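Q:
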Amino acid sequence: MKMAWKEMKKNKLRYTILGLIVFLISLLTFIISGLANGLSQDNASLIKNLPDGTFYLEEEADETYSFSSLSDQQQQEIAEEQPATAFFSIQMGNFIDSSDKQRSVAYVSASDSTYFQEVHSGEVILDASLEEEGIAVGDEITNEQWDQSLTVAGFVDQEKYSHSPAAFINPNDFQALFHTDTMQIAFIADSAIKNTDDAPVFKGLQAFSNNEFLNTIPSYSAEQMSLNMIVIFLLVISGMLFAIFFYMINVQKLGIYGILKAIGVKTGKLFQMMWAQMFIISVVSLILSISISQAFQLLAPNGMPFHLTWETTGLLSLVFVIIGFIGATLSGIQIKRVEPIQAIQQGEM
Amino acid sequence: MSLFTMDNVRKTFAHGEVKEEILKGINISLSQGKITALTGASGSGKSTLLTIAAGLQTASDGQISFEQQELTSMRSEELRQIRAKDFGFIFQFAHLVPFLTVQEQLDLMLDTAESPLSKQTQKKEIKQVLELVGMWKRKDAYPASLSGGEKQRVAVARAIIHSPKVLFADEPTASLDSKRSQEVMKLIQNLSKERHITVLMVTHDMDMLDFVDEVIEMRDGKIVDKKNT
Ligand SMILES: Nc1ncnc2c1ncn2[C@@H]1O[C@H](COP(=O)(O)OP(=O)(O)OP(=O)(O)O)[C@@H](O)[C@H]1O
Ligand SMILES: [Mg+2]
């Protein structure tokens, strides 16, 4: 450790450049995963806010919730078996606010208020993003196709679906406004399942885990997949970077390694020295990039969906360190190979 | 009694198809506390012999024993331990570690040799040895700022700081002018006397032979003459 530090101090430029590149790549990774997570919140926080559980759609709906319809009778049968089941429907639509402006929303209506907002008939509860746009409690909203209007009763934080703010309405209003008498989706939380340990199976219904259900939202999987791909590429690149940089640094040091081996220094100690250097560089670079990405989170413009949790940050940092370790170790194989005799015969370094 | 013996040691290098025997049956025995010089024409195999003796490369055939241990049949980890604890090396070039100060070079050597001395005693020892080689004033200097002679004196200090039993030196004075050469040789001689270190060294320089106890002359991979001085 002492030797590792001494060498870095003596070769500041070389290690600063490596640290700088690791810093930039990790910062980019944090920013992109912040965006990925922010977008996924923006896209589907309505679903993401639900606890772990199982979603059910009609098998014939072919994984598309808007084609799914669970009749009253089906709902009753499910509820008999699992009383804690919530039934809900989502309908993309729009309304005209009191200043005659058209707004796109996702209407949500649920039979159960454990996981969803309870709304009285004639009222609507909106995602808080609409409050920021100037809609206030008490405002009337309406739609050309409706023969009634709804009163804004309140706002909730972070309830979005398909990049649109959620508008919670009473099931009776939902049925009247959208001319339906069925619900689309059944949901039961794992913690509320009765009599069985596994998710219950219902005839004619297809079950989805939270993640599977999220991926039935067409834009969701496409967005997340491309962003996660970028994150994975960045992680791989950082690993290769460590490998290449340490390879180059090691090549320059082969002579020294040979001499150290000749006088009896253990190969393991030379590896430890390299690992210590890799560790110091990654930790310093990561502390910097974590601070900056968190600052970015605070300063990012409101319209930019950016959400970086400490959990994600910690996990990515760990992956960085592990990948750096693997990269450095791979490049360190040459340390193992170097023969003391070569260094001695090569003459002055 | 001999501390170190080589018995019918051979070394063959393969240049593609062609095999060339560089050492053709070497027998040497080094007695404790004595300085032995290896001389001979360039290419006669002196360096090869020295590095094989020091465990830095393997012999193709023959036996090498040190304190009743058979070096030729040792695993590389055992050999490394012997190199670290019982051997010291001075090469033609100082080969100091560029990012360590003079003092730290010796520190590293004591560490590598797993010195049983306390840190405090080690510090004293380092001071003593550096004073002996006249480098105590430069204890915090990095190798890049030292002259060739100074570097070589630090290399000598590093080679003996852990009180090795055998010191191997390959033309330790070749990069020095004659005044410095004399100084370094005197140093090696004194250390050998004081610490009972057995020395095997390669030299071209006939002036250096004044400092040694025995001279072994090589020609063409064979020993052609041994004489006491
Ligand atoms: N690794 C090797 N592979 C092939 N040939 C080698 C190798 N090492 C040494 N030789 C050959 O062995 C012969 C003896 O080399 P060595 O270095 O032992 O000579 P030397 O007596 O030390 O010479 P000098 O006085 O010039 O240092 C030379 O012909 C050299 O080319
Ligand atoms: Mg030689």
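Line by line, the protein sequences are chains A and B. Start counting the first sequence at 1; every next residue gets the next number (UniProt numbering). Start counting the second sequence at 1; every next residue gets the next number (UniProt numbering). We put the beta carbon where it would ideally sit given N, CA and C, even for glycine. Note that this is a predicted model, so its numbers are computed, not measured.
1) State the Cα-Cα distance for the pair M349/A and L187/B, rounded to the nearest angstrom.
2) May I ask you to check if the CB of S175/B is nearer than 6 Å to at least one heavy atom of ligand 3?
3) Determine the burial state of M8/A: buried for a count of at least 16 other Cβ atoms within 10 Å of its Cβ, exposed for fewer.
4) Hey, K139/B and T101/B are a contact pair by Cβ (cut 8 Å); roughly how many whole angstroms apart?
5) Can you tell me the Cα-Cα spacing of N49/A and E159/A, whole angstroms?
6) Could you please give the first and the last residue of the uninterrupted alpha helix (DSSP H) stretch that includes G34/A?
7) Any beta carbon from chain A within less than 7 Å of Q122/B's own beta carbon?
8) Taking M274/A as the reference, which of I237/A, I193/A and F325/A has the closest Cα?
9) So which residues of chain A does Q57/B contact, with C-beta pairs closer than 8 Å?
10) Taking the alpha-carbon positions, what's the L146/B to L24/A distance?
11) For the region 30-113 of chain B, which segments carrying the alpha helix (DSSP H) assignment without a break, of at least 4 residues, lie completely within its bounds, in sequence order?
12) Could you tell me the boundaries of the beta strand (DSSP E) in which A157/B lies?
13) Strictly under 7 Å for the Cβ-Cβ distance: is G19/A near chain B by that measure?
14) Between the beta-carbon of A166/A and the beta-carbon of L46/A, is there less than 7 Å?
15) Across which residues does DSSP place G53/A in a beta bridge pair?
16) Kindly indicate which three-state DSSP category L117/B falls into: helix, strand or coil?
17) According to a CB-to-CB cut-off of less than 8 Å, which residues of the region 6-22 of chain B neighbour chain A?
18) Please list, in chain order, the residues of the region 38-51 of chain B that have any C-beta partner in chain A closer than 7 Å.
19) How about L23/B and G221/B: do their beta carbons lie closer than 7 Å?
20) Which two residues bound the contiguous alpha helix (DSSP H) that contains K261/A?
21) Show which residues of chain A have a CB atom less than 7 Å away from the CB atom of H204/B.
22) Could you check whether the Cβ of A169/B sits closer than 7 Å to any Cβ belonging to chain A?
23) Which runs of the beta strand (DSSP E) at least 3 residues long sit entirely within the region 98-150 of chain A? Give them in chain order.
24) By DSSP's criteria, K124/B is part of a beta bridge. Which residues make up the other side?
25) Quick one: does R153/B have its CB under 7 Å from some CB of chain A?
26) What residues in the region 16-50 of chain A bring their beta carbon closer than 7 Å to a beta carbon of chain B?
27) Determine the chain B residues that contact K336/A at a beta-carbon separation under 8 Å, and present them in chain order.
28) What does the shell around ligand 1 hold, if a residue joins when its beta-carbon is under 5 Å from any heavy atom?
29) Give the DSSP-derived three-state secondary structure of A204/A in the structure shown.
30) Closer than 9 Å by beta-carbon distance: list the chain B residues that pair up with A328/A, in chain order.
31) Measuring alpha carbon to alpha carbon, tell me which of T203/B, T72/B and P98/B ends up nearest residue 354/A.
32) So the alpha helix (DSSP H) R180/B belongs to, where does it begin and stop?
33) What is the residue span of the beta strand (DSSP E) that S89/A lies within?
34) Report buried or exposed for K261/A, applying the criterion of at least 16 other Cβ atoms within 10 angstroms of its Cβ.
A: Based on what the coordinates show:
1) For the purposes of this step, residue 349/A is identified with residue 349 of the first sequence, where counting begins at 1. For the purposes of this step, residue 187/B is identified with residue 187 of the second sequence, where counting begins at 1. Any reading at M349/A needs caution, since the residue's pLDDT is 47, under 50, leaving its predicted position unreliable; the model's value is listed next. Their backbone Cα atoms lie some 25 Å apart in a straight line.
2) Summarising the ligand content, the structure contains ligand 1 and ligand 2 and does not contain ligand 3.
3) Residue mapping note: residue 8/A aligns to position 8 of the first sequence, counting from 1. Buried, since its Cβ has 16 or more Cβ neighbours within 10 Å.
4) Here the question's residue 139/B lines up with position 139 in the second sequence. Here the question's residue 101/B lines up with position 101 in the second sequence. Correct: roughly 7 Å between the Cβ atoms.
5) Here residue 49/A corresponds to residue number 49 of the first sequence, with the count starting at 1. Here residue 159/A corresponds to residue number 159 of the first sequence, with the count starting at 1. Roughly 8 Å separates the two Cα atoms.
6) Counting from 1 along the first sequence, the entry for residue 34/A is found at position 34. From DSSP, the alpha helix (DSSP H) with G34/A extends over K12 to K48.
7) Residue 122/B sits at position 122 when you count from the first residue of the second sequence. Not closer than 7 Å to any Cβ of chain A, the Cβ of Q122/B fails to qualify, so no.
8) Locating residue 274/A in the first sequence gives position 274, counting from the first residue. The candidate whose alpha carbon is nearest that of M274/A is F325/A.
9) The count along the second sequence starts at 1 and reaches residue 57/B at position 57. The answer, in chain order, is E339 and I341.
10) As a working mapping, residue 146/B is identified with position 146 in the second sequence. As a working mapping, residue 24/A is identified with position 24 in the first sequence. L146/B and L24/A: Cα-Cα distance of roughly 39 Å.
11) 46-53, 76-85 and 102-112
12) Working through the second sequence from its first residue, we reach residue 157/B at position 157. Unbroken run through A157/B is the alpha helix (DSSP H), G148 to I160; no beta strand (DSSP E).
13) Walking along the first sequence from the start, residue 19/A turns up at place 19. It does not; no Cβ of chain B falls within 7 Å.
14) Within the first sequence, residue 166/A is the residue found at index 166, counting from 1. Within the first sequence, residue 46/A is the residue found at index 46, counting from 1. Closer than 7 Å, so yes.
15) Here residue 53/A refers to the residue found at position 53 when the first sequence is read from its first residue. Bridge partners of G53/A: A189/A.
16) Looking up residue 117/B in the second sequence gives position 117. Three-state result, L117/B: coil.
17) none
18) T51
19) Working through the second sequence from its first residue, we reach residue 23/B at position 23. Working through the second sequence from its first residue, we reach residue 221/B at position 221. Closer than 7 Å, so yes.
20) Working through the first sequence from its first residue, we reach residue 261/A at position 261. Run containing K261/A: P218 to A262, per the alpha helix (DSSP H) assignment.
21) Taking the second sequence and counting its residues from 1, the one referred to as residue 204/B is at position 204. Per Cβ cutoff of 7 Å: no residues; H204/B is ~16 Å from chain A at best.
22) Locating residue 169/B in the second sequence gives position 169, counting from the first residue. No - not a single Cβ of chain A is within 7 Å of the one on A169/B.
23) 102-110 and 123-127
24) Locating residue 124/B in the second sequence gives position 124, where the first residue counts as 1. Bridge partners of K124/B: none, in fact.
25) Position 153 of the second sequence, counting from 1, holds the residue named residue 153/B. It does not; no Cβ of chain A falls within 7 Å.
26) none
27) Sequence index remark: in the first sequence, residue 336/A carries index 336 (1-based). The contacting residues do not exist; K336/A stays about 11 Å from chain B at best.
28) F13/B, I22/B, S42/B, G43/B, S44/B, G45/B, K46/B, S47/B and T48/B
29) As a first step, residue 204/A must be located in the first sequence, where it is residue number 204. What sits at residue 204/A in the sequence shown is Gly, not Ala. In the structure shown, G204/A sits in coil (DSSP, three-state: anything other than H, G, I, E or B).
30) As a position in the first sequence, residue 328/A is number 328, starting the count at 1. Residues of chain B passing the Cβ test: none, with the nearest at roughly 18 Å.
31) Because chain A here runs from 1 to 349, residue 354/A falls outside it and cannot be looked at.
32) Looking up residue 180/B in the second sequence gives position 180. Its alpha helix (DSSP H) spans residues S178 to R195.
33) Reading the first sequence from its first residue, position 89 is the one you call residue 89/A. Here the beta strand (DSSP E) through S89/A covers A86 to I96.
34) Against the first sequence, residue 261/A aligns to sequence position 261. With 16 or more other Cβ atoms within 10 Å, it is buried.
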